[in-house]
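Written below as structure tokens is the structure these notes are about.
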Amino acid sequence: MNSFITRIREVAKREVDRMSSRGLYILMVLILPILTILFFSSLLKEGVPTKMPVAIVDLDQTATSRKIARAIDVTPLSKVTEYLQSETEAMSELRTGNIYGFVILPKNLQTDIFESNQPVVSYYYQNGFLIAGGLMQNDLTLILNTLSAGINIQKREAMGQQEDYIMSQVQPIQLSTHQLFNPTASYPAYITTIILPIMLQLFILLMTVYSIGIEIKERTSREWLHLSDKSIVIALTGKLLPYTIIFFLIMMFQNFMLYKVMQIPMHSSLGWLMLGSLMFVLAYQAIGLFCVGLLPMMRHSLNLAAFYGILALTLCGFSFPIESMLPIFRYWAGGFPVRHYMHIFQSQILAGFELRYSIVSYLYLLIFLLVPLTIIRRLKSALIYQNFIENVHKT
Amino acid sequence: MKDSNLNILIQISDGLRSLPRIIMREFQLIFSDVGVMILIFAVPLIYPMLYSFIYYPEVVREMPIAVVDMSHSSDSRQFIRNIDATPDLKVTASSVSMEEAILMFRNRKIRGIVQIPETFSSDIALQRQTTISAYADMEFFLYYKAMLTGTSFVALETGNQIQIKNLMNSGLTGRQAEITARPLKFIDNAMANQSGGFASYGIPAALILIIQQTLIIAIGILAGTTRERHVFGTLVPLDRKRMGTFRLVAGKSTAYFTIYALLSIYMLGMIPEWFGYGQSAGFIGLVALITPFILSSIFLGLTLSVVFKNRESAMMLYLFTSIPLLFLSGIIWPISNFSTIWLLVRDIFPSSNAIFGYIKMNSLGATIFETRKEILTLWVQTGFYFLTACITYGYQVNFSEHLRGELSMHPFKEVRERIVSGQ
Numbered sequence: 541m542n543s544f545i546t547r548i549r550e551v552a553k554r555e556v557d558r559m560s561s562r563g564l565y566i567l568m569v570l571i572l573p574i575l576t577i578l579f580f581s582s583l584l585k586e587g588v589p590t591k592m593p594v595a596i597v598d599l600d601q602t603a604t605s606r607k608i609a610r611a612i613d614v615t616p617l618s619k620v621t622e623y624l625q626s627e628t629e630a631m632s633e634l635r636t637g638n639i640y641g642f643v644i645l646p647k648n649l650q651t652d653i654f655e656s657n658q659p660v661v662s663y664y665y666q667n668g669f670l671i672a673g674g675l676m677q678n679d680l681t682l683i684l685n686t687l688s689a690g691i692n693i694q695k696r697e698a699m700g701q702q703e704d705y706i707m708s709q710v711q712p713i714q715l716s717t718h719q720l721f722n723p724t725a726s727y728p729a730y731i732t733t734i735i736l737p738i739m740l741q742l743f744i745l746l747m748t749v750y751s752i753g754i755e756i757k758e759r760t761s762r763e764w765l766h767l768s769d770k771s772i773v774i775a776l777t778g779k780l781l782p783y784t785i786i787f788f789l790i791m792m793f794q795n796f797m798l799y800k801v802m803q804i805p806m807h808s809s810l811g812w813l814m815l816g817s818l819m820f821v822l823a824y825q826a827i828g829l830f831c832v833g834l835l836p837m838m839r840h841s842l843n844l845a846a847f848y849g850i851l852a853l854t855l856c857g858f859s860f861p862i863e864s865m866l867p868i869f870r871y872w873a874g875g876f877p878v879r880h881y882m883h884i885f886q887s888q889i890l891a892g893f894e895l896r897y898s899i900v901s902y903l904y905l906l907i908f909l910l911v912p913l914t915i916i917r918r919l920k921s922a923l924i925y926q927n928f929i930e931n932v933h934k935t
Numbered sequence: 015m016k017d018s019n020l021n022i023l024i025q026i027s028d029g030l031r032s033l034p035r036i037i038m039r040e041f042q043l044i045f046s047d048v049g050v051m052i053l054i055f056a057v058p059l060i061y062p063m064l065y066s067f068i069y070y071p072e073v074v075r076e077m078p079i080a081v082v083d084m085s086h087s088s089d090s091r092q093f094i095r096n097i098d099a100t101p102d103l104k105v106t107a108s109s110v111s112m113e114e115a116i117l118m119f120r121n122r123k124i125r126g127i128v129q130i131p132e133t134f135s136s137d138i139a140l141q142r143q144t145t146i147s148a149y150a151d152m153e154f155f156l157y158y159k160a161m162l163t164g165t166s167f168v169a170l171e172t173g174n175q176i177q178i179k180n181l182m183n184s185g186l187t188g189r190q191a192e193i194t195a196r197p198l199k200f201i202d203n204a205m206a207n208q209s210g211g212f213a214s215y216g217i218p219a220a221l222i223l224i225i226q227q228t229l230i231i232a233i234g235i236l237a238g239t240t241r242e243r244h245v246f247g248t249l250v251p252l253d254r255k256r257m258g259t260f261r262l263v264a265g266k267s268t269a270y271f272t273i274y275a276l277l278s279i280y281m282l283g284m285i286p287e288w289f290g291y292g293q294s295a296g297f298i299g300l301v302a303l304i305t306p307f308i309l310s311s312i313f314l315g316l317t318l319s320v321v322f323k324n325r326e327s328a329m330m331l332y333l334f335t336s337i338p339l340l341f342l343s344g345i346i347w348p349i350s351n352f353s354t355i356w357l358l359v360r361d362i363f364p365s366s367n368a369i370f371g372y373i374k375m376n377s378l379g380a381t382i383f384e385t386r387k388e389i390l391t392l393w394v395q396t397g398f399y400f401l402t403a404c405i406t407y408g409y410q411v412n413f414s415e416h417l418r419g420e421l422s423m424h425p426f427k428e429v430r431e432r433i434v435s436g437q
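Protein chains in written order, with my numbering: chain F, 541 to 935; chain W, 15 to 437.
Shown next as structure tokens:
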């Protein structure tokens, strides 16, 4: 037993030596992951987009139309940056990308309101962008409805109706919207909490494949196996352990950024957070190991890992909900640890639900650890016989 | 003077003659490398299809919600039926308690809760204002949006009907009542992506990004492989004949440009047509935008390729940029809210402007003139990265030249022995 641990320590020490021999290692395990964490926490630090540029086409030029324009300007989301002469001009500005939306206040707006002719106000917004389009639509619809109700109220006041009565008439049904659990968290915060693990899994996957693949490519695998007493378990444990520790620490730094710096509410204990993070790192190391065992030639296993890692963004279901996808993709999504990690995060950490709602996700993460067992013999023979090396004719 | 003029002429004619050779050699390199072939052909062919199928349903429809009906009246039942009738929402459980609804939410059976107050029916009868509460799931923007769109639509419409009914009871005609209730009429015009389909948001950006990323990684992989194959790890072969910098850059670029111009027809022409994404852009407009985009991506790739010492370096060190670049393009988070530093970083990569330009042209029907900012920036990037590519390759050419000069001083036997002994 003692020699077992000594062996592992020796292999781990050999790996740390290898890591310090090339700049690529330092970049992949430290510099690039930390840079991406800083990038995303800086890019999405604001809660909601503010002051998005919109234009007004005021064809009426009266006190009423100017009042409406001002009301649009003072909403926190939009800012009137341009007053334009015609719809054509505004449409061109929208296509150029200078504004996200515009409102057309028609001729005779004021007169039509007074004479109860129900004038028509059109608004246009760029819906080619998911968040900007959705927010723009909500904002413009809301502000114009409020203005319309305001006119209704003014007229009723002129008729001498009581304030309470007016409100009950103008808006018989009021809608109050609440966010279920964690009303303080903003949408960008949600994006960051999912995007950061997705970025990290790319680094873990590629690094795991590389650290093993390079031994085959550069024909050092026998030496490595020899140091491990010819045991593949010792060899792999010793090799991957340093990365487990480093990536776990990166993940904890990431958590620190999320829950301390960005102040995303955390409703679970530090222990569970650490356990979830550790299982996340291990699950992805297991998948990286599977890739390189399946295709021991590193050029192919790296391609496989990259293909799988990039798909996580789409199939983890944070952009587009899994439940709305075709059935085949729903099952496929289960094959991504980040999907289960996301579930744990949403249920246990963010909403503070009891463990029993997320325990299944922990079990799924455990299952990923068994995946490498299917290729371990194949990998060992590749390490011994080095039969997956391409012949290079140097010139 | 005359002599140097003649020299330049000889160089140019020499260069033109060796250009086809360099182009063919680059094609040979690409087509004999399975890994690069997969990257250049399989990825651009398969990914757009795969993404289109994953996002096939496009929108969130019939999101399951629970209604906590405390009123138990015909009014509240009608209200629930109206919510159920919206395309966004589907009431899978009504007449449950709030506790039951929350439990269902925790088990992910439902994605939102609507609460109707006990006094709902009597409030309406007594002409008092009543309040409906909607509890939305903030985890997914699309769920939040579906909940908000569905409930606010029903609340507004029902409220409007009640108001009109009250007004008509007080003696107004139907038309008068309607105008009093709604003094202004609105027309909501969603531009670019009318149906709000998710694939139409994401796929145009993904298409552009795939072009840039596969190009840069493929160029990097080939450069790393070349270095591994050369005995002294040089990027430029130690040929007897000097390879001009300009013809090297031009030759390699021509090979990549040919391949990607053809791929673009499939990715930006056929895929949008098959899957029904916006396709308002004309052929000439797209050519005006995509030409500088492919060129600047190639030159950026050639510039970056000198840092990739090994075959796998490009995949390891560059792949991760794909996700940050998607955010930097401004399709997810509006660029009007970017800080200056990220706006500057955004302009380093051709994809940012190309994605913006492509969405504008293809979904909004912007003309070349309206896309001038993006097209101009892409040409500036093309020029800049062409210079950097020439500088870096010029350095590599000189280095090989220098090395060859050094080697020629030593007898062939000695050189061979040193190579064999691995020094």
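Backbone N, C-alpha and C fix where the C-beta goes; we use that ideal spot for every residue, glycine too.
Asked                                                                                                                                                                            : Found
When the Cα atoms are used, what is the spatial distance from isoleucine 644 of chain F to aspartate 598 of chain F?                                                             : 6 Å
Count the other CB atoms within 10 Å of the CB of histidine 86 of chain W; is the residue buried (16 or more) or exposed (fewer)?                                                : exposed
DSSP state of phenylalanine 155 of chain W, grouped into three classes?                                                                                                          : helix
Tell me where the beta strand (DSSP E) around glycine 126 of chain W begins and ends.                                                                                            : 126–130
Answer with buried or exposed for methionine 15 of chain W, where buried requires no fewer than 16 other C-beta atoms within 10 angstroms of its C-beta.                         : Note that methionine 15 of chain W has pLDDT 49, beneath the 50 cutoff, so the model's placement of it is unreliable and no number is given.
Classify methionine 205 of chain W as buried or exposed, calling it buried when 16 or more other Cβ atoms lie within 10 Å of its own Cβ.                                         : buried
Rank F:Met559, F:Phe885, F:Phe830, F:Lys695 by C-alpha distance to the C-alpha of threonine 732 of chain F and give the top, closest one.                                        : F:Phe885
Alpha carbons only, please: which of F:Ser771, F:His880, F:Leu844, F:His840 is nearest the one belonging to isoleucine 545 of chain F?                                           : F:Ser771
How about methionine 15 of chain W: is its C-beta nearer than 7 Å to some C-beta of chain F?                                                                                     : Because methionine 15 of chain W sits at a pLDDT of 49, beneath the cut-off of 50, its placement in the model cannot be relied upon, and the point is left open.
Helix, strand or coil: which one does DSSP assign to proline 573 of chain F?                                                                                                     : helix
Per DSSP, which residues does phenylalanine 297 of chain W bridge with? Please list them.                                                                                        : Phenylalanine 297 of chain W is not bridged to any residue.
Which same chain residues, not among the five before or five after isoleucine 608 of chain F, have their C-beta less than 7 Å away from its C-beta?                              : Leu645, Leu687
Taking the runs of the alpha helix (DSSP H) that are 4 residues or longer, which of them lie wholly in the segment 543–611 of chain F?                                           : 563–566, 572–583
Give me the chain F residues within the contact set of phenylalanine 212 of chain W, using Cβ-Cβ distance strictly less than 7 Å, ordered along the chain.                       : Phe860
Report the rounded CA-to-CA distance for tyrosine 664 of chain F versus leucine 675 of chain F, giving the unit in angstroms.                                                    : 13 Å
Does the Cβ-Cβ distance between alanine 99 of chain W and alanine 80 of chain W come in under 7 Å?                                                                               : no
What residues from chain W crowd round arginine 606 of chain F, counting only those whose CB sits closer than 7 Å?                                                               : Chain W residues near arginine 606 of chain F: none, gap ~16 Å exceeds 7 Å.
Give the residues of chain W in contact with glutamine 719 of chain F, contact being defined as C-beta atoms less than 7 Å apart.                                                : Ala150, Met152
Within its chain, find whatever has a CB closer than 6 Å to the CB of leucine 314 of chain W; leave out the 5 residues flanking it on each side and keep chain order.            : Tyr399
Please report the residue range of the beta strand (DSSP E) in which alanine 823 of chain F lies.                                                                                : Element bounds for alanine 823 of chain F: not the beta strand (DSSP E) but the alpha helix (DSSP H), 810–834.
With H, G and I counted as helix, E and B as strand and the rest as coil, what does DSSP make of valine 81 of chain W?                                                           : strand
Flag this pair as yes or no: are the beta carbons of leucine 798 of chain F and isoleucine 804 of chain F separated by less than 7 Å?                                            : yes
Do you know how far the Cα of glutamate 627 of chain F is from the Cα of asparagine 96 of chain W?                                                                               : 36 Å
Count the other CB atoms within 10 Å of the CB of glutamine 437 of chain W; is the residue buried (16 or more) or exposed (fewer)?                                               : For glutamine 437 of chain W, the pLDDT reaches just 48, beneath the cut-off of 50, and the residue's location in the model is therefore unreliable, although a value from the coordinates is still provided. Label assigned to glutamine 437 of chain W: exposed.
Is the CB-CB distance between isoleucine 37 of chain W and threonine 268 of chain W below 7 Å?                                                                                   : yes
Quick one: complete alpha helix (DSSP H) runs, 4+ long, within the segment 751–788 of chain F?                                                                                   : 761–767
Quick one: does leucine 358 of chain W have its CB under 7 Å from some CB of chain F?                                                                                            : no
With contact counted as at least three CB pairs below 8 Å, one residue from each stretch, are the segment 845–852 of chain F and the segment 739–746 of chain F in contact?      : yes
Is it a yes or a no for the segment 257–276 of chain W touching the segment 311–331 of chain W, going by three-plus beta-carbon pairs under 8 Å?                                 : yes
What residues from the segment 572–589 of chain F come within 8 Å of chain W, judged by C-beta to C-beta, listed N to C?                                                         : Leu572, Thr576, Phe579, Phe580, Ser582, Leu583, Leu584, Glu586, Pro589
Counting contacts by CB-CB distance shorter than 7 Å, is proline 712 of chain F in contact with chain W?                                                                         : yes
If you reduce the DSSP assignment to three classes, tell me which class methionine 205 of chain W lands in.                                                                      : strand
Would you give the residue range spanned by the beta strand (DSSP E) that lysine 104 of chain W belongs to?                                                                      : 103–107
Nearest to isoleucine 915 of chain F by CA position, among F:Val900, F:Ser887, F:Arg879, F:Val773, is which residue?                                                             : F:Val773
Comparing C-alpha positions only, which one of F:Met631, F:Ile612, F:Pro728 sits nearest to isoleucine 683 of chain F?                                                           : F:Ile612
Below 8 Å on the Cβ atoms is my contact criterion, and I expect leucine 584 of chain F with proline 737 of chain F to pass it. Report the Cβ-Cβ distance as a whole number of Å. : Wrong, their Cβ atoms sit about 15 Å apart, outside the cutoff.
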